[in-house]
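For what it's worth, UniProt numbering labels the leading residue of the sequence shown as 1, then goes sequentially. Here is the structure we will look at.
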Amino acid sequence: MSSSALQEPDHNYRRTSCDDLLAASGNEDSESDHEVEGILGRSVGELRDDELAPVAPVTRRKSSTAALKRRAFFIRTIALLCACCLSVGSHYASYVLGPLKSRLSRELGTSHTEFSLLISAFSLNSTWTPLLGGVLASSLGTTFTSILATGIIFLGQIILLIGDIAGSIRVMAFGMFIFGLGVSPVAVVQETIIVRFFKSHGLGVSMAFGLIVGKGASFVSARTSYPLTEMFGPRAPFYAATTLAGMSVVVNLVYIAASRWLVDGAGAELEAADITEEARRRSITNVTEAEALERVAAKRRVNLREITKLGDVFWSYVGLNILCGAIWSPFTHLAANIIENRYGMSEQDAANEASYLLAGSLLFYPICGFLVDRLRHRPIVVQLMLLSSCLTLSAYGWLVLPPSWTETARPAIATFAVGHGFSPLLLVVLVPKIVPLKYVSTALGVHKSLEQTGSTIFQTLAGLALDTHKKGNHLMNRISQGNTAAIQYLLNIFFFLNVLQLLSIVALAYLQRRKNKVTEAQHRRASSFFREPSMDRGKAHGRDVSSQPSDHEQETPLLEASQSHRRYSSTGSRVTFYSDEVRSKGEIRRGEVFVSLSAGLIIFAWVLFLGTAWFRLGMKKDHGST
1 MSSSALQEPD HNYRRTSCDD LLAASGNEDS ESDHEVEGIL GRSVGELRDD ELAPVAPVTR
61 RKSSTAALKR RAFFIRTIAL LCACCLSVGS HYASYVLGPL KSRLSRELGT SHTEFSLLIS
121 AFSLNSTWTP LLGGVLASSL GTTFTSILAT GIIFLGQIIL LIGDIAGSIR VMAFGMFIFG
181 LGVSPVAVVQ ETIIVRFFKS HGLGVSMAFG LIVGKGASFV SARTSYPLTE MFGPRAPFYA
241 ATTLAGMSVV VNLVYIAASR WLVDGAGAEL EAADITEEAR RRSITNVTEA EALERVAAKR
301 RVNLREITKL GDVFWSYVGL NILCGAIWSP FTHLAANIIE NRYGMSEQDA ANEASYLLAG
361 SLLFYPICGF LVDRLRHRPI VVQLMLLSSC LTLSAYGWLV LPPSWTETAR PAIATFAVGH
421 GFSPLLLVVL VPKIVPLKYV STALGVHKSL EQTGSTIFQT LAGLALDTHK KGNHLMNRIS
481 QGNTAAIQYL LNIFFFLNVL QLLSIVALAY LQRRKNKVTE AQHRRASSFF REPSMDRGKA
541 HGRDVSSQPS DHEQETPLLE ASQSHRRYSS TGSRVTFYSD EVRSKGEIRR GEVFVSLSAG
601 LIIFAWVLFL GTAWFRLGMK KDHGST
């Protein structure tokens, strides 16, 4: 990246970057197939950052002046702020309904099931839109995908506001459904933009900051929804959410207008859409280069059909995501109502206490990111996941106890806020430790999709359970026996699912350890097979090869530190050994089964939601007309 590219952004940076991509296109395949480090901190990717450091010495020399560094830092900061603002509206609107559950029940006559349908209406679409968002971002670029997603969110909020004004739960549910179409794609785009600008400039801290902004908006939403209702009327929270969603659209338009200047000025990584655009420009003068650039762009696009080859560890991670979705998000939405009824608190006090469930991330995201980066060669991610699971389990354990014993929910709120305060970040950090870099985007989409699937299913079932128990009791006390039994039943299920989540983390670590042993055994066999012929040839030429590095090792000396990440040559034919990509036929078949089960789970979430909505909302309308 030249200094002129920083001072006066133009087509030179893109042209130079595409020239570099063409020169390196021969190594593109191996570049995307680097082995992963593993969640236990073992092995093959430990020196990845150090290995990448020498790749662009020319860039560092040309950007060595303090003025250029300050300018690049300023531009990246602007890009980070724009990326963070994209999701402020969606995060605020996602948690605006929780504290208003009792008011909606009182003024609009919503049942537990109908409220759960409102929440599930936006999380339902997140069962498949993360994959779509990843594909669109890869194919069309983050600029187009971002404005599409934020525009859909804004439209959904407008419909939700209209439904609240009209007093129609059906219109509100439809608005949340439209809103949900854009929530996950915005998150995918946000993470992609941050990776794009900060890949080699403090990615961990930048990603933590982006997540903190989103969690902060969620916390502010949960904290202010009820006070806004008291101060400015019942529709004030919906006006606030719609306004923030509109502001996200405005910031998005600013980012799109400045996108080329930001990318060129910061020297950000080009997307497939950028490379395709450059290929079209070159097709006028050089068709061969244009076709080569098109092939490079195609290699950067996501192929969903290859997820069956990602291995048992990955699918164990997917199962963990489903359980996390079941015990995290539904509880944060239902907590205010649970606390209000279980401990006899006022509506406002319960909403205030429940809002602190989302406050932990503001403090623990940066700490967690620092620890993961600092101790990346150790199993710190698994250890922190176990700690998080134990904390949330203790919170549910406290709530399960009779309220006459505990008298307050504050210890449970505190432990849940801490345990949930850093665990979502860990689920994101785990992905590049489980799958090769080529599949990170796809794996992130699967992670978000299945986590939301678990959340949607349990959110809907929780509402049905509360209504079922309520119907079995006809007392009109402030806290009826039926409602008390329903809440106890629901908390017992939360506790049980948290135990399963804890066991799934242990299973994930076990599968990773077993995989490491298999990898080491494969490497020993491959080393013994290739080393002996090499030593024989060395002795035949009168030299000791054990004391001299091979030609390939001289070309890539940093790979020497990673024993299982080497390429071996024999009689002119090079054999590439990547243990992380060696998959047995049985493992691939299991991957196909898990794909089918995941697709079936997503379909079940849709059938459950639509069936519940039809029978509950449709029957209510029929009863109302008669």
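Here a beta-carbon is modelled for each residue, glycine too, at the ideal position from N, C-alpha and C. These numbers come from a predicted model, not from an experiment.
Asked, Found
"Per-residue DSSP class, three states only, for residue 407", "coil"
"Cutoff 7 Å; reference residue 587; Cβ partners in own chain excluding five residues on either side", "311 and 312"
"Neighbour-count burial assignment, residue 503, 16 or more Cβ in a 10 Å radius", "exposed"
"The segment 244 to 259 / the segment 76 to 85 touching (three or more Cβ pairs under 8 Å)", "yes"
"From 408, 142 and 378, residue whose alpha carbon lies closest to that of residue 353", "408"
"Which of helix, strand or coil DSSP assigns to residue 377", "coil"
"Candidates 327, 445, 336 and 439: closest to residue 391 by CA position", "327"
"Close Cβ partners of residue 537 (< 7 Å) along its chain, the five nearest in sequence each way excluded", "Bear in mind that a pLDDT of 49 at residue 537, under 50, signals an unreliable position, so the number given afterwards is only what the model happens to contain. Taken in chain order, the list of residues that qualify is empty."
"Helix, strand or coil at residue 638 according to DSSP, with G and I counted as helix", "Since the first residue shown for the chain is 1 and the last is 626, residue 638 is missing from the structure and cannot be characterised."
"Residue closest to residue 96, alpha-carbon to alpha-carbon, out of 419, 343 and 235", "235"
"Euclidean distance between Cα positions of residue 360 and residue 454", "22 Å"
"Residue 343 (DSSP reduced to helix, strand or coil)", "coil"
"Residue 96, enclosing alpha helix (DSSP H) - first and last residue", "From DSSP, residue 96 is part of no alpha helix (DSSP H); its letter is neither H nor E."
"Distance between residue 278 and residue 15 (C-alpha atoms, nearest Å)", "7 Å"
"Start-to-end residues for the alpha helix (DSSP H) that takes in residue 69", "66 to 86"
"Counted within 10 angstroms of its Cβ, other Cβ atoms place residue 506 as buried (16 or more) or exposed", "exposed"
"Best match in 261, 594, 605 and 13 for proximity to residue 305 [C-alpha to C-alpha]", "594"
"Distance, residue 433 Cα to residue 579 Cα", "With a pLDDT of 42 at residue 579, under the threshold of 50, the predicted position of this residue should be treated as unreliable, though the coordinate-derived value follows. Straight-line Cα distance between these residues: approximately 14 Å."
"Straight-line gap, residue 658 to residue 293 (C-alpha atoms, nearest Å)", "In this structure the chain extends from 1 to 626, so residue 658 is not present and cannot be described."
"Distance between beta carbons of residue 416 and residue 395, contact taken as under 8 Å", "4 Å"
"Boundaries (first-last residue) of the alpha helix (DSSP H) holding residue 237", "236 to 266"
"Of the listed residues 346, 67 and 178, nearest to residue 94 (C-alpha basis)", "178"
"Beta-carbon gap between residue 452 and residue 126 smaller than 9 Å", "yes"
"Secondary structure of residue 392, DSSP reduced to three states", "helix"
"Burial state of residue 510, where buried means 16 or more other Cβ atoms lie within 10 Å", "exposed"
"Classification of residue 138 by the beta-carbon crowding that lies within 10 angstroms, buried from 16 upward", "buried"
"Run of the alpha helix (DSSP H) containing residue 402, from where it starts to where it stops", "From DSSP, residue 402 is part of no alpha helix (DSSP H); its letter is neither H nor E."
"Sufficient close CB pairs (3 or more, under 8 Å) joining the segment 513 to 520 to the segment 371 to 384", "no"
"Burial state of residue 524 (16 or more Cβ within 10 Å)", "exposed"
"Residue 188: first and last residue of the uninterrupted alpha helix (DSSP H) it sits in", "169 to 198"
"Residue 611 to residue 161 span [Cα, whole Å]", "25 Å"
"For residue 424, the three-state DSSP class (helix, strand or coil)", "helix"
"Supposed contact pair residue 79 and residue 193 - C-beta distance, whole angstroms, cut 8 Å", "7 Å"
"Beta-carbon proximity of residue 393 to residue 342, cut-off 9 Å", "no"
"Contact belief for residue 152 with residue 181 at Cβ below 8 Å, rounded distance in angstroms", "5 Å"
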